[in-house]
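Down below is the structure, laid out as structure tokens.
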Amino acid sequence: MNYQKLDPALTMALNQQPESSLEIFIHTEADLDSAATAVLQKLGVSGVKAGQEVFTASLTLQQIFELSAQPWVKLLRRSQKLRLLNN
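To get the numbering used here, take the position in the sequence shown, counting from 1, and add 689.
Shown next as structure tokens:
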């Protein structure tokens, strides 16, 4: 696992819930080749388009491990639930 590509919230979640799938943001380089696109699609990422740099997916620990090793992945961030702010 390349922990340099994981944000602190994702690292903490992986340590607390290693068996769970986690919703994450995948930040990649701008121009993905067909091999990179195939890896994302294999992981269940839908809507992969040319020029897109950020994707969302629900991944297991093993899938995050595999993805963090890819040279075209810049950052993996945990997706947080948004809350409404009271005015």
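Don't be surprised by glycine CBs; every beta carbon is placed ideally from N, CA and C.
Can you say whether residue i is buried or exposed, counting buried as having 16 or more other CB atoms within 10 angstroms of its CB?
{"i": "Ala-724", "result": "exposed"}
{"i": "Leu-703", "result": "buried"}
{"i": "Lys-738", "result": "exposed"}
{"i": "Leu-773", "result": "exposed"}
What are the start and end residues of the alpha helix (DSSP H) that includes residue i?
{"i": "Ala-698", "result": "697 to 705"}
{"i": "Leu-729", "result": "723 to 731"}
Hey, could you find the ends of the beta strand (DSSP E) residue i is sitting in?
{"i": "Leu-748", "result": "743 to 748"}
Based on DSSP bridge pairs, tell me the residues matched to residue i.
{"i": "Val-762", "result": "Thr-717"}
{"i": "Glu-712", "result": "Ser-747"}
Closer than 7 Å by C-beta to residue i: which residues in its own chain qualify, once you throw out the five before and the five after it? Chain order, please.
{"i": "Trp-761", "result": "Thr-717, Glu-718, Leu-721, Ala-725"}
{"i": "Pro-707", "result": "Leu-750"}
{"i": "Ala-671", "result": "Any question about residue 671 goes unanswered here, given that the chain covers just 690 to 776."}
What residues in its chain sit with their C-beta under 8 Å from that of residue i, if we drop five residues either side in the sequence?
{"i": "Gln-705", "result": "none"}
{"i": "Leu-765", "result": "Lys-694, Leu-695, Asp-696, Leu-699, Ile-713, Phe-714, Ile-715, His-716, Ile-753, Leu-756, Ser-757"}
Could you pull out every residue in the same chain whose Cβ sits closer than 6 Å to the Cβ of residue i, ignoring the five residues on either side in sequence?
{"i": "Val-728", "result": "none"}
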